[in-house]
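If you're matching positions, the sequence shown starts at 1 in full-length UniProt numbering and goes up one per residue.
This report concerns only the one structure given below.
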Amino acid sequence: MIRGLGRSLLHPWRTRMLAVAIAVIGWLAIALLAPVPLHQADERATDLIWQLSGDTQQERRVVVVDIDDASLQRIGAWPWSRQTQARLVTALREQGATLQLYDIVFPDARQGTDELAAAIAASDSTSPAVLAQVFSLNRESRQTVGELAGALPGDACMPSASPATGFVANVAGLGTRAGHITPRLDPDGSVRRVPALVCYGQRNYPALALAGLAAFDTSGKVPMRIEPGTRPWDPAWTLTMSAMPDIKAPLDANGDLRVPYRKARNAIVSVSAADVLEGKLGATNPLRGAWALVGASAFGLGDTVPTALGGAVSGVEVHAQLLSGLLDGAVPATPRAVHWIESGWFVVGLLVLLALSATRSLPATDPQRRRPGVRVLWVPLAAVGLGVLGFILHAAALLGAGWWLGWAHASLAIVLVGLCLGFAEHARSLAEKGLLFRNLSSYLPAAVAERIALAEPTGEIEADRRDLTVVVADVRNFSAYCEARSPEDAARVLHRFYTTASAIVQAHGGAVEEMVGDSLIAVFNGSQPCVDHPMHALSAAREIWQRCSEELPNVPPQGLEPLGLGVGVESGTALLGSFGPAGRRVHAVLGQTITIAIRLQDMTAELAYPVLVGPQAAERIGVPFERSDLALKPLGSFLLPGLRHSTKVFTLRTLMQPGGDAEQQSLRYLQQQGHLAA
């Protein structure tokens, strides 16, 4: 199963498509199971945009009349009497305010209500007053207090209107102009949207800002219309005012106005209600020709809400920002095709990431940029960069075109794709390295392959002296066999010999260092440690001869000698490592020890003993009391080809028959050499 997974990882596009699928599934899971964090990410990012881009030019068309702490100290504790409220209505009219919007509800009948009603009626022609009323949305309450006012013509809820289950309105008799101040609270408690219309009892009631604009309508027509968007870039709904046809307010799919916090807080002109009542505005009266928004910011009055500009502010500032945006035509709109826009941005990001992940390495002359880790790192980093770019595009669309697009969904999907592609590239890189290492270790000992795979090639000698034991095994008469048989038959014989001998060497703790022609060279205690390596090497040599001899073809081609196996064993110090130029290295064993082992293997045919052991190995093995099958018998001293001094030669007792043909042939060979076996 692991091998199958590894093979799958080696298919680049299959791996990438799997990574993309996992990322999309992860994004869907987050979007469905935890939509609030994504929504909040969109909104908090938009808050940051408003805070960084706030317009500091003073807004003089809308002036806040603030019932602040100073007003309570100078006029009296809240709630003020209805007579005082009537004085405020009159004072605002006299000081030039052309419209009065009250973020205050007068729900019950009190002494002075008639005076307040009279003041409102007296101001209606020159400075109309629009009072506030609050609705209960989302079945929060079914309580009804006061008498609703300001309903639009018609006896049916508009499609974009938000249904209400209760209300707190003004006491009867305070006039017919009113607008609701019901916000749409986000999960973090901030006010970012206001329902344009609220429907209660099949009647539609506009927001306070819209009701203020409608106060100038004297045509007798329907004061406002709402039409659905038809083009992809249109908002879900568009509200138009008959009194001000140039004002077109975009509504989202829920029928909400998104509050444009374009003005910095210090750009909103505010005067104290006490100064208005006491006539202390002076010659620079900001109320002259302006619209007055009356609200309270005094401590303890509870009229504070969190907004996009940070912190809790007076609720009247929300209406001031909304009015300013309506007058400037700067209320953000969400296009009907917003999901297609986000999907398109995701597709663009996906294609960019796939292109980056598919970019192959540069030429081998640049090894630093050729490493697979480049893609593993750059793809996730590029995904994060694309996510940030999505936020920048969202900000540009908001400030430049007045489009609120959102960025969190697409950016999250892009980042997840980038991370998954990075992990996939990393996994594929590991799979490729594993495959490369397995292939390399099939040509070299595993320890050598691991060392080579983790180092840059060099043209220097990289070799160490090791105390080791060498086993050289060779198939005799194989060249003649190849002449008489097909290459396929010869390859099968050699393949079986290599396979069996390699398995035996590994089982005894050795490592096959070279396989050249019909010979195999194995080293014990070379590239990997092996305790008591002479004994393990001799045991491996004996098993190689026994098992490989059985696997060689029994019937030789006509006129040829049968295939045989010769094994030479010797211990000593040798140089083991890599040699040659950086472009073409070779791993080899050098030294007299390997030379003696090769010469001993060559002598096996002449002495008719399949396993010959050199003097150093024999001395270290000694008398193996626990392994009688490895007991050695000396054959004598021989002058091996290429050496200047004679060498004692030994063989395994269990492989020779005393007085047999092999022993007689060995004696004749010694006589020819001029010396007898020891």
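Don't be surprised by glycine CBs; every beta carbon is placed ideally from N, CA and C.
Asked                                                                                                                                                                      : Found
What is the rounded straight-line gap between the Cα of residue 292 and the Cα of residue 128?                                                                             : 10 Å
Give me the DSSP bridge partner(s) of residue 588.                                                                                                                         : 577
Report the residue from 407, 378 and 412 whose alpha carbon sits nearest the alpha carbon of residue 424.                                                                  : 378
Nearest-angstrom Cα distance between residue 536 and residue 25?                                                                                                           : 56 Å
Measuring CB to CB, does residue 30 end up less than 9 Å from residue 412?                                                                                                 : yes
Roughly how many angstroms lie between the CA atoms of residue 250 and residue 400, to the nearest whole one?                                                              : 16 Å
Kindly indicate the opening and closing residues of the alpha helix (DSSP H) around residue 91.                                                                            : 82 to 94
Specify, as a first and last residue, the run of the alpha helix (DSSP H) that residue 324 falls within.                                                                   : 315 to 328
Going by alpha carbons, who is nearest to residue 516 out of 225, 153, 146 and 444?                                                                                        : 444
Quick check on the DSSP output: the alpha helix (DSSP H) that includes residue 433 runs from which residue to which?                                                       : 408 to 443
Looking only at C-alpha atoms, which of 529, 475 and 283 sits nearest to residue 544?                                                                                      : 475
Return the chain-ordered list of same chain residues with a C-beta closer than 8 Å to the C-beta of residue 633, the five sequence neighbours on each side being excluded. : 650, 651, 652, 653 and 656
Let me know the secondary structure DSSP gives residue 535 once reduced to three states.                                                                                   : helix
Whole angstroms is fine: what's the gap from residue 526's alpha carbon to residue 414's?                                                                                  : 51 Å
For residue 203, write down the residues that DSSP places opposite it in a beta bridge.                                                                                    : 200
Within this structure, are the beta carbons of residue 107 and residue 149 separated by less than 9 Å?                                                                     : no
Whose C-beta lies closer than 7 Å to the C-beta of residue 184 among residues of the same chain, with five residues either side of it excluded?                            : 193, 194, 195 and 256
Using 9 Å as the threshold, is the C-beta distance between residue 421 and residue 20 below it?                                                                            : yes
Can you look up residue 56 in the DSSP assignment and give me helix, strand or coil?                                                                                       : coil
Is residue 15 helix, strand or coil when you go by DSSP?                                                                                                                   : helix
Under the assumption that residue 394 contacts residue 45 (Cβ atoms under 8 Å), give the Cβ distance between them as a whole number of angstroms.                          : 7 Å
The alpha helix (DSSP H) spanning residue 498 covers which residue range?                                                                                                  : 487 to 507
Would you mind stating whether residue 164 and residue 131 have Cβ atoms separated by less than 9 Å?                                                                       : no
Using only alpha-carbon positions, find the residue among 103, 89, 345 and 96 that is nearest to residue 113.                                                              : 89
Measure the C-alpha to C-alpha separation of residue 140 and residue 167 and round it to an integer number of angstroms.                                                   : 10 Å
Within the continuous beta strand (DSSP E) that includes residue 134, where are the two ends?                                                                              : 129 to 137
Can you tell me which of 276, 267, 432 and 283 puts its alpha carbon nearest to the alpha carbon of residue 11?                                                            : 432
Under 9 Å between the Cβ atoms of residue 173 and residue 211?                                                                                                             : no
In or out: residue 387 buried (at least 16 other Cβ within 10 Å) or exposed?                                                                                               : buried
Quick one: give me the first and last residue of the beta strand (DSSP E) that residue 466 is part of.                                                                     : 462 to 476
Do residue 508 and residue 524 come within 9 Å of each other at the CB atom, strictly closer than that value?                                                              : yes
Which whole runs of the beta strand (DSSP E) in the region 199 to 253 are 3 residues long or more, in chain order?                                                         : 203 to 206, 224 to 228, 237 to 241 and 248 to 251
Quick one: is residue 604 buried, meaning 16 or more other Cβ sit within 10 Å of its Cβ, or exposed?                                                                       : buried
State the CB to CB distance for the pair residue 692 and residue 153, rounded to an integer number of angstroms; the pair is presumed to be in contact (CB under 8 Å).     : Past the edges of the chain, shown from 1 to 678, lies residue 692, and the structure says nothing about it.
Taking the beta strand (DSSP E) that residue 256 falls in, what are its first and last residues?                                                                           : 256 to 258
Per DSSP, what kind of secondary structure is residue 394 in: helix, strand or coil?                                                                                       : helix
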